[in-house]
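Residue numbers (the working numbering): 113 to 710.
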């Protein structure tokens, strides 16, 4: 080798084809870029590192919106911004809101919407020093909550502009230097899609579907060809613990942790977005389920801690610096113990399971020319579908206490998935008149057969407990987009079961009616009523009232009202569900309640 001159090596090097640089992927630098961002908040501009919204106090101008920012937003989104104060009686949809109204909208956003998708770190958030892309959709969401009747037109038109802006930006190439800007666009898109989901005229629009597809499938989320190193594949990126300031509790450490936590929560919210839209569109999820892993959000109390001192007190052991990773890949499922520390942790887990269920449904349903009454029977033939019931059982076993006492939207989600395994909601909707008279009569005949099955009776239990869970809801719990659909579906399940009146509903004078709203030991019920599962002998031996009802049927009561079947029984139950929808509904409760009332 010493006989080969150096010049020869140099010449040969010039002849080799040049390899292009590997394209940058967001996950490769996600955590280091979030932690090292110079702004106090993930979405704050770097030059304003101390002007927080909360620390300044409600009457201070520091960190809050000003007239200059109001004008900036109105100009960016193409709206005339008059200096004249708008009379209170005029519709806000005709004019850009005043500064006072915008401030109120931000407060409403944090009070009513933020608990459902909490990825903005409020203690360090500064509207004055955050991009319009974040602040304006926050204002639109708050404005819609403020007075939907008056502001709906304004919100719908200007939401369209926000979505157009996001879609355009997501279509451009991105580089490492743009990582924080990319997170801002992701956050803005998440806010815009969430706002659209609340508006029936926007949720199914082509523009909404285009942004949904773009935000979850653009190439920077995953590497070429094999979709590796994606945003939803946490194991492919940097270990987050190695990026966080371990062993520190100062102000800078708190803010660095908060920026990383906001990023984790944004990813969880994107999982929730995919679960809502893929289910609503009856389409395959965009996120790849066979590789999906993401970090679990830390506790709500930590995320809401107002300063570094309180944050350090709440996490004296430093566990927040070592988050767990949620793995729902088939046959590799790992359910971390810290998932229920936050409501969003549980809800994002359930959303991920919903994605798997939606995917199985989309793959198998077209193969069945005659829609099956009990979807679980079809899912038993699928490698992924057969894992759904054990997964739902394991989730309840692992997080029972937290599901019961946490935000009721969480346990509602679990019940809704159980119903989807025991009941074909399409057939129930047709029976309720969706496709006209002839189709409705045919569907009712089919449902009469379904109502004789253990699966139907199990579905009734879950439907009743959706009612029970949401009856305990507090205003601060909010109402998710799925929850109203779930309440509506639960009403259909129980109402139609009673309408067709299985013979077992008739009282025989000897059997005590089973109270559908009584507490149920779901672990004791096990897989009773799920298609394809043979109950264990021990389960039969215990023979709790719930097990006996699912396996053999019998008379029932609902809130102490004995229901013998038929139209009157169905109406009595539907009245209760209508009242519940009117009480807890926010997004489309009026249309749902009107349907049942008719």
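Quick reminder that beta carbons are idealized off the backbone N, C-alpha and C, glycines included.
By the neighbour-count criterion, in which a residue is buried when 16 or more other Cβ atoms sit within 10 angstroms of its Cβ, residue 659 is buried. Within a 10 Å sphere around the beta-carbon of residue 254 sit 16 or more other beta-carbons, which makes this residue buried. By the beta-carbon neighbour count (other beta carbons within 10 angstroms, threshold 16), residue 283 is exposed. Note on geometry: alpha-carbon atoms of residue 277 and residue 243 lie some 13 Å from one another. Here the segment 622 to 635 lies against the segment 665 to 680, with 3 or more beta-carbon pairs under 8 Å apart. Note: residue 439 is bridge-paired with 405, 446 in the DSSP secondary-structure output.
Taking the C-beta atoms as reference points, residue 179 is found nearer than 8 Å to residue 211.
Each residue's CA atom was taken as its position, placing residue 655 and residue 631 some 15 Å apart. The residues 143, 146, 147, 352, 355, 356, in chain order, have a CB closer than 8 Å to that of residue 372 in the same chain once the five nearest residues on each side in sequence are set aside.
DSSP links residue 675 through a beta bridge to 668.
At least 8 Å separates the beta-carbon of residue 532 from that of residue 467. Counting only the Cα atoms, residue 208 lies some 13 Å from residue 256. Counting along the chain, residue 145 sits inside the alpha helix (DSSP H) bounded by residues 138 to 148. Close CB contacts of residue 250 within its chain, under the 7 Å cut and outside five residues either way in sequence, are with 218, 221, 303 (chain order). Listed in chain order, the alpha helix (DSSP H) runs fully inside the segment 227 to 278 are 244 to 258, counting runs of at least 4 residues. Annotation: residue 236 to residue 299 spans about 16 Å, alpha carbon to alpha carbon.
For residue 388, DSSP records no beta bridge to any residue. Going by beta carbons, residue 638 and residue 578 fall outside the 8 Å limit.
By the criterion of a C-beta distance shorter than 6 Å, residue 403 is surrounded in its chain by 345, once the five residues flanking it on both sides are discounted. Contact between residue 677 and residue 614 holds: their C-beta atoms lie close to 7 Å from each other, under 8 Å. Look at the beta carbons and you see the segment 453 to 467 touching the segment 404 to 416: at least three pairs across the two are nearer than 8 Å. In the DSSP assignment, residue 582 falls within the alpha helix (DSSP H) that extends over 566 to 583. In this structure, residue 406 keeps its C-beta atom at 8 Å or more from the C-beta atom of residue 296. Distance from the CA atom of residue 443 to the CA atom of residue 508, rounded to whole angstroms, is 18 Å. Residue burial annotation: residue 446 is exposed, with fewer than 16 other C-beta atoms found within 10 angstroms of its C-beta. A straight line joining the alpha-carbon of residue 410 with that of residue 234 spans about 15 Å. Pairing residue 675 with residue 617 gives a Cβ-Cβ distance under 8 Å.
If you draw a straight line from the Cα of residue 495 to the Cα of residue 672, it comes to about 42 Å. Here residue 590 is buried. Its C-beta has 16 or more other C-beta atoms within 10 Å. Residue 461: member of the alpha helix (DSSP H) spanning 455 to 476, first to last residue. The beta carbon of residue 361 sits closer than 7 Å to the beta carbons of 420, 424 from its chain, once the five residues preceding and following it are set aside; these are given in chain order.
Apart from the 5 residues on each side of it in sequence, residue 574 sits with its Cβ closer than 6 Å to the Cβ of 527, 530, 531 in its chain, given in chain order.
Taking the CA atoms as reference points, residue 516 sits about 30 Å from residue 564. The beta-carbon separation of residue 608 and residue 543, rounded to 6 Å, stays under the 8 Å limit for a contact. Put simply, the backbone Cα of residue 150 is about 9 Å away from that of residue 368. DSSP, read as helix, strand or coil, puts residue 345 in strand.
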